[in-house]
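Here is the structure we will look at.
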Amino acid sequence: MSNRSIAGVPLSYIGNRLFTFFLTVLIAASVIWIIPRLSPVDPAEAMLGRMAAGAGFVENADQILVDLRARFGLDEPLWKQYVVYLKNLMVFDFGVSVANFPTPVSQMLAAALPWTLGLMIFSVLIAFVIGNAAGAFMAWQETPRIWKIAIPAAMVFTSIPPILSGLLLMWLFAAQLEWFPLTGSYGLFETPGLNWEFILSVIRHGTLPALSIVVVTFGFWALGMRGLMTTVQSEDYVQLAKAKGLRPRYILYRYMIRNAILPQVTAFALKVGLLVTGQILVERIFSYNGMGKLIYDAILNQDFAVIQGASYIVILMTAASVLIVDLIYPFIDPRIRHGGGQ
Amino acid sequence: MRNPDTILEVDDLRVYYATPQGDVKACDGVSFDVRAGEILGLVGESGSGKSTATGGVLRTISSPGRIVSGRVVLDSDDILEYNDEQMRRLRWSKLALIPQGAMNSLNPTMTISAQIADVIETHEGRQDEDALRERILELFRRVGLPGRIYSMYPHELSGGMKQRACIAMSIALDPILIVADEATSALDVVVQRVVAQTMLKIKRELNVSFIMIGHDMGLMAQVVDRLAVMYSGQLLEIAGVEDMFESPAHPYSEILIDSVPTLTERKSMRINEGITHDPRNPPSGCIFRLRCPFAMAACAETRPPMVEVRPDQLVACHLWKKTEDGSYVRQSV
């Protein structure tokens, strides 16, 4: 038993989490490799089929098949294909896009990822903060009555699908009020770079997509938080805090929210991965150049290399966010820091 | 008749819980006092209203419960008249609590010392860091806790240590009165003894008064100065602990004391059912008459008043009759 630790967190804990991270990524990456290979369709034949369908007749079909298989490494034994696949994943080599031949998939992902990541982190964090605050105030006994009516009223948007709320926001703020641009990630005449005009343009373009995500997701956090707060409210330590004559606001923050928020943080990590895919339609209607749009276009064009690459990135992001939350968790829940509560 | 060193006077306190079938009178006209530097024991079976009565004193009753009427005079002020902010300021500085479940009464995400520091700073304002630390360590010493727990979290402490941490917290502001609500009930007998002794030590050193709620008559006998017996929301008898054990005046006290097992004698419990009536529909007259071995016709008619049958021994029972010289004698039935 080693008792070594970093900032009070046992090394064994960190080791465990890192191991889980790599195992998750490996298993998930293997699954997205296996699934297409379970299909009875031979990709080389399918490609030839599409050529034939387009040209009506293909000469030297047998030779082309052999060449295609060699070109894509499909003539190798399965285990070797798998090893090569894993090797390529490590250097983010996902091959080339079929739809945008011969652009490497990694290049397309690299161009799309920052947009999605930026939009997502921004909107998810805002939804998390607003949602948890709303949930906490819904449950708190001292909340002014007006808020107890206003907050649940605001949550009707939760049941609207994000595309509809997106369209609604577009109509109101872009088409009618013209406060924000209708679509795109940045202005047509801006040059990407670190200048104020560009950054401002990005924020203006990102506001409505972000808002449409916030409006529909904050209710999820609010409802969860309300339930957790109700439970915490009847805990003995909250009752004692009241008997101690502490100020109500202090009790709310240090005794109630501080404890109720813990399961929400875990849920947050899991939600991140789901959101990338959930964002697909939002990015689509706002013509936002992110991963969602990339995946959407790739599915339409049967661009499997892009789909596989994007799936891998989603997996990495989910696993990474779980890892990050796991590593932060000991600092917000002392019971884990000291190896207690096992 | 009021004792000059009375620090708390509870007068005809009524706390009801609303239910769809009508009010449950969990504390129905309870009157008692607590004197400086004494431990008043409050005993009774589950549901007898012990915690409700002290909840009324501490004003911690929450919906569907409500304080219907009565007076709770602490330090010559009726605290039932206080508004929320006055009450909040009074809490802990005069009226502290050692909670029922010490296991879950400490905030798991704050260190023990931070939970003592916050109550000190809330009521006394910002403190010098070193002085505050020294003060908290002194509190730990008083209850026999080692200084090393200063920066520990609740989950790192054993049950007994947590209970003592709660005692340390209760004396942080030098209160007049501490309510110990079943403070020893969830602990094993060895730890119970340590915790009880800690409370005795605190009482002697700080001259603070306690209301100690419990159902363990044996433990009570060793710790408390006076004993109050409750049954279904009403106080039946209150007396010095020796008087109570030697000559209980109320049939119910008698039964309770008779049921305390001793090492030399094995006896069967004389209580074998709980409170038998529906609390929403209590019997007329004396609340205990349905289970009383001496119940008479008069018991069904009027609720017996609390009378002082011997010096400092008050009882609510029709068996006691006033004689011509003003003293009380118990009828033999």
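Order-wise, the sequence lines are chains A and B.
So the first sequence is numbered by numbering that gives the first Met the number 0: it starts at 0 and just counts up by one.
So the second sequence is numbered by numbering that gives the first Met the number 0: it starts at 0 and just counts up by one.
We put the beta carbon where it would ideally sit given N, CA and C, even for glycine.
I'd like the list of long-range same chain contacts for residue i, defined as Cβ closer than 7 Å, with 5 residues on each side in sequence excluded.
| i | result |
| --- | --- |
| LYS202 (chain B) | GLY36, ILE38 and PHE209 |
| SER4 (chain A) | LEU10 |
| LEU88 (chain A) | ALA28 and TYR311 |
| ILE256 (chain A) | ALA135 |
| MET169 (chain A) | LEU181 and LEU207 |
| LEU166 (chain A) | ILE284 |
| CYS26 (chain B) | LEU12, ARG13, VAL14, GLY48, THR51, ALA52, GLY55 and GLY232 |
Can you list, in chain order, the residues of its chain whose CB lies under 8 Å from that of residue i, leaving out five sequence neighbours each side?
| i | result |
| --- | --- |
| THR275 (chain B) | LEU289 and ARG290 |
| ASP11 (chain B) | GLY28, VAL29, SER30, SER68, GLY69 and ARG70 |
| PRO63 (chain B) | TYR16, ALA17 and THR18 |
| GLY325 (chain B) | none |
| LEU47 (chain A) | VAL57, ALA60, ILE63, LEU64 and LEU67 |
Run down chain A in chain order and give the residues with a C-beta less than 7 Å from the C-beta of residue i.
| i | result |
| --- | --- |
| SER104 (chain B) | ASP235, TYR236 and LEU239 |
| THR51 (chain B) | Going along chain A, no residue has its Cβ under 7 Å from THR51 (chain B), so there is no contact; the nearest lies around 14 Å. |
Residues of chain B with a CB under 8 Å from the CB of residue i: which are they?
| i | result |
| --- | --- |
| ARG246 (chain A) | ARG87 and THR121 |
| LYS79 (chain A) | Simply none; closest approach about 52 Å. |
Secondary structure at residue i, three-state DSSP: helix, strand or coil?
| i | result |
| --- | --- |
| ALA35 (chain B) | coil |
| TYR311 (chain A) | helix |
| ARG3 (chain A) | coil |
| THR5 (chain B) | strand |
| PHE209 (chain B) | strand |
| ASP332 (chain A) | coil |
| ALA109 (chain A) | helix |
| TYR327 (chain B) | strand |
| LEU376 (chain A) | The structure shown does not extend to residue 376 (chain A), since chain A is modelled only from 0 through 341, so no value can be given for it. |
| ARG302 (chain B) | coil |
| PRO103 (chain A) | strand |
| ASN144 (chain B) | According to the sequence shown, residue 144 (chain B) is Leu rather than Asn. The answer is coil: DSSP assigns LEU144 (chain B) none of H, G, I, E or B. |
| SER68 (chain B) | strand |
| CYS26 (chain B) | strand |
| TYR287 (chain A) | coil |
| TRP348 (chain A) | Only positions 0 to 341 of chain A appear in this structure, which leaves residue 348 (chain A) out of reach. |
| GLY40 (chain B) | strand |
| VAL314 (chain B) | strand |
| TRP178 (chain A) | coil |
| ASP10 (chain B) | strand |
| TRP195 (chain A) | helix |
| PHE127 (chain A) | helix |
| TYR254 (chain A) | helix |
| TYR16 (chain B) | strand |
| VAL40 (chain A) | coil |
| LEU322 (chain A) | helix |
| LEU105 (chain B) | coil |
| ASP77 (chain B) | strand |
| VAL57 (chain A) | coil |
Would you give the residue range spanned by the beta strand (DSSP E) that residue i belongs to?
| i | result |
| --- | --- |
| LEU234 (chain B) | 233 to 239 |
| GLU307 (chain B) | 306 to 309 |
| ILE177 (chain B) | 176 to 180 |
| LYS229 (chain B) | Reading off the sequence shown, one finds Met at residue 229 (chain B), where the question assumed Lys. First-last of the beta strand (DSSP E) with MET229 (chain B): 225 to 230. |
| ILE97 (chain B) | 94 to 97 |
| LYS241 (chain A) | That residue, LYS241 (chain A), is in no beta strand (DSSP E); its alpha helix (DSSP H) goes 235 to 242. |
| TRP337 (chain B) | Nothing can be reported for residue 337 (chain B): it is not among the residues displayed for chain B, which extend from 0 to 332. |
Name the chain A residues whose beta carbon is nearer than 9 Å to that of residue i?
| i | result |
| --- | --- |
| TRP91 (chain B) | ALA242, LYS243, GLY244 and LEU245 |
| THR108 (chain B) | ARG253, TYR254, ARG257, ASN258, LEU261, ILE331, ASP332, PRO333 and ARG334 |
| LEU226 (chain B) | None at all; the shortest Cβ gap to chain A is about 24 Å. |
| LEU12 (chain B) | Neighbours of LEU12 (chain B) on chain A: none; closest Cβ ~18 Å, over 9 Å. |
Listing by chain order, which chain B residues have their CB less than 9 Å from the CB of residue i?
| i | result |
| --- | --- |
| TYR84 (chain A) | Here the premise fails: no neighbours, minimum Cβ distance about 45 Å. |
Quick one: residues in its chain with C-beta nearer than 6 Å to the C-beta of residue i, no 5 flanking neighbours on either side, listed in chain order?
| i | result |
| --- | --- |
| GLY339 (chain A) | With a pLDDT of only 43 at GLY339 (chain A), under the threshold of 50, the placement of this residue in the model should not be trusted; the figure read from the coordinates follows. So the list is empty, once near-sequence residues are dropped. |
| ASP325 (chain A) | ARG16 |
List the endpoints of the continuous alpha helix (DSSP H) containing residue i.
| i | result |
| --- | --- |
| ALA52 (chain B) | 49 to 57 |
| GLY14 (chain A) | 10 to 37 |
| TRP146 (chain A) | 144 to 153 |
| VAL65 (chain A) | 60 to 70 |
| LYS79 (chain A) | 77 to 89 |
| ASP83 (chain B) | 83 to 89 |
For residue i, which residues in chain A fall below 8 Å Cβ to Cβ?
| i | result |
| --- | --- |
| GLY100 (chain B) | ASP235 |
| VAL118 (chain B) | LYS243, GLY244 and LEU245 |
| ASN59 (chain B) | Position check: residue 59 (chain B) holds Thr in this sequence, whereas Asn was assumed. Correct list: GLN238, LYS241 and ALA242. |
Would the C-beta of residue i count as close to the ligand SAH, meaning under 8 Å from any of its heavy atoms?
| i | result |
| --- | --- |
| LEU89 (chain B) | Among the components modelled here there is no ligand, and therefore nothing to report on the ligand SAH. |
* Anything in the stretch 178 to 201 of chain B with a Cβ closer than 8 Å to a Cβ of chain A? List those residues in chain order, please. => none
* Listed in chain order, which residues of the stretch 255 to 280 of chain A have Cβ atoms closer than 7 Å to some Cβ of chain B? -> ARG257 and ASN258
* **Where the stretch 193 to 220 of chain A meets chain B: residues whose CB sits under 9 Å from a CB there** => none
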